[in-house]
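Notes to accompany the following structure.
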Amino acid sequence: MNLQLLTKSNLHTHTDFADGKNTAEEVVLAAIDAGMDVLGFSEHSFHANPTVFGMQSPERQQEYKQEIYRLKNIYADRIKILCGIEQDSHSGIPTDVYDYVIGSVHYINLGGELCCVDLSAQTTLNAIKMHCGGDPIAYAKAYFEAVARVESDTQCDIVGHFDLLTKFNERTAIFDTSDPRYIKAGLEALDALLEKEVIFEVNTGAMARGYRTTPYPAPIFLRRIAEKRGNVTLNADAHRKEYLTYGFDTALQILKASGIGSVLTMTKVGWKNIAI
Ligand SMILES: [Zn+2]
Ligand SMILES: [Zn+2]
């Protein structure tokens with residue numbers, strides 16, 4: 064029953080305005096077909112530094128907004144559409160014109176170079192070698208320091224994929240996530256964000272794309288969120304229309320096992336807390 068309610072909504076969705084596969088309208092039609100009540104678009108924000116993910120110009124970002132508003136009106140009687148943005152922490156483009164903001168760290172500044180966190184295992188390994196003296200934990204510290212600032216950098220409502228740096232860890236063991244120094248760095252960032260009024264997304268995107276078998280954040284961080292009564296929501300980070308609620312069943316089991324008692328979900332009338 065809870066799963067049925069939770070799969071009515073997803074606020075983390077990409078389209079061909081950036082690195083998603085489908086047009087926004089194709090995604091809307093798929094969401095209606097799937098019986099969803101709420102679909103939030105959260106395209107990658109533009110930023111001036113070279114980026115493989117973001118919308119390619121401020122004009123393109125404007126077109127994105129116009130298209131989502133067009134779809135909002137056309138399909139208003141069938142589904143609630145929201146126009147959000149996944150704001151990269153280095154983006155700097157104003158976010159106040161969006162229905163909500165997901166704040167995400169995709170790049171970290173290492174020695175003056177912006178290094179992409181989620182491009183490939185090799186990119187991460189190269190950055191660790193070049194900028195961190197070969198120490199993955201030094202890289203993890205830099206990443207989590209950036210995450211700790213993500214709310215002030217993006218004015219986000221939702222913190223995107225909290226421990227994105229582990230994207231490739233199942234196939235290529237880069238980070239020892241049981242290392243106390245790794246855990247300390249992660250928990251410090253988490254505690255800083257728990258002081259703010261942010262929602263943590265439980266993000267299944269890397270599961271849909273075959274990188275991971277579990278969502279972000281890892282259970283150790285979910286348990287801290289549970290202890291401190293933080294808020295979580297379920298997001299698919301969908302890059303294809305087939306994946307709008309991918310892995311929500313697995314995520315729900317992990318949330319329960321981590322001591323999380325409820326999940327915030329966006330409904331037609333606003334945020335609702337669903338006991339799980
Ligand atoms: Zn992201
Ligand atoms: Zn995303």
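Quick note: the sequence shown uses the working numbering, first residue 64, plus one each step. Think of the CB as a built atom: it goes at the ideal place given N, C-alpha and C, for glycine as much as any other residue. This structure is a prediction, so every number in the text was calculated from the model and none was measured.
Whether residue i touches residue j by CB criterion (8 Å)
i           : j           : result
residue 311 : residue 277 : no
residue 261 : residue 222 : yes
residue 180 : residue 194 : no
residue 285 : residue 321 : yes
residue 134 : residue 94  : no
residue 73  : residue 298 : yes
residue 77  : residue 271 : no
residue 274 : residue 231 : yes
residue 110 : residue 75  : no
residue 216 : residue 166 : yes
residue 307 : residue 339 : no
residue 330 : residue 100 : yes
residue 202 : residue 184 : no
residue 177 : residue 237 : no
residue 337 : residue 68  : yes
residue 328 : residue 281 : no
residue 205 : residue 182 : no
residue 145 : residue 127 : no
Residue i: first and last residue of the uninterrupted beta strand (DSSP E) it sits in
i           : result
residue 150 : 143 to 151
residue 274 : Unbroken run through residue 274: none, as it is neither H nor E.
residue 180 : That residue, residue 180, is in no beta strand (DSSP E); it is neither H nor E in DSSP.
residue 210 : Here residue 210 belongs to no beta strand (DSSP E); instead the alpha helix (DSSP H) covers 199 to 211.
residue 106 : 101 to 107
residue 337 : 333 to 338
Exposed unless 16 or more other CB atoms sit within 10 angstroms - verdict on residue i
i           : result
residue 115 : exposed
residue 304 : buried
residue 159 : exposed
residue 90  : buried
residue 316 : exposed
residue 235 : exposed
residue 220 : buried
residue 132 : exposed
residue 117 : buried
residue 264 : buried
residue 137 : exposed
residue 71  : buried
residue 98  : exposed
residue 332 : exposed
residue 293 : buried
residue 218 : exposed
residue 259 : exposed
Range of the contiguous alpha helix (DSSP H) that encloses residue i
i           : result
residue 136 : 121 to 137
residue 249 : 243 to 257
residue 115 : No alpha helix (DSSP H) contains residue 115, which DSSP labels as neither H nor E.
residue 288 : 282 to 290
residue 65  : 65 to 69
residue 228 : Segment: none, residue 228 is in no alpha helix (DSSP H) and carries neither H nor E.
residue 88  : 87 to 96
DSSP beta-bridge partners of residue i
i           : result
residue 321 : Residue 321 pairs with nothing; no bridge assigned.
residue 167 : 151
residue 221 : 165 and 262
residue 295 : 263
residue 173 : 176
residue 215 : In the DSSP output, where bridge partners are listed per residue, residue 215 has none listed.
residue 326 : 337
residue 76  : 301
Quiz item: Is the region 149 to 157 touching the region 101 to 114 in the sense that three or more CB pairs, one from each, lie closer than 8 Å?
Solution: Contact between the region 101 to 114 and the region 149 to 157 is present: 3 or more CB-CB pairs across the two stretches fall below 8 Å.
Quiz item: Okay, do the region 246 to 264 and the region 207 to 216 touch, 3+ Cβ pairs below 8 Å being the bar?
Solution: Output reads yes: the region 207 to 216 touches the region 246 to 264.
Quiz prompt | Contact the region 285 to 304 vs the region 241 to 248: 3+ CB pairs below 8 Å | solution = No: the two stretches stay apart, fewer than three of their Cβ pairs being nearer than 8 Å.
Self-check item: the region 191 to 203 / the region 130 to 146 touching (three or more Cβ pairs under 8 Å)
Solution: Cβ pair count under 8 Å is below three, so no.
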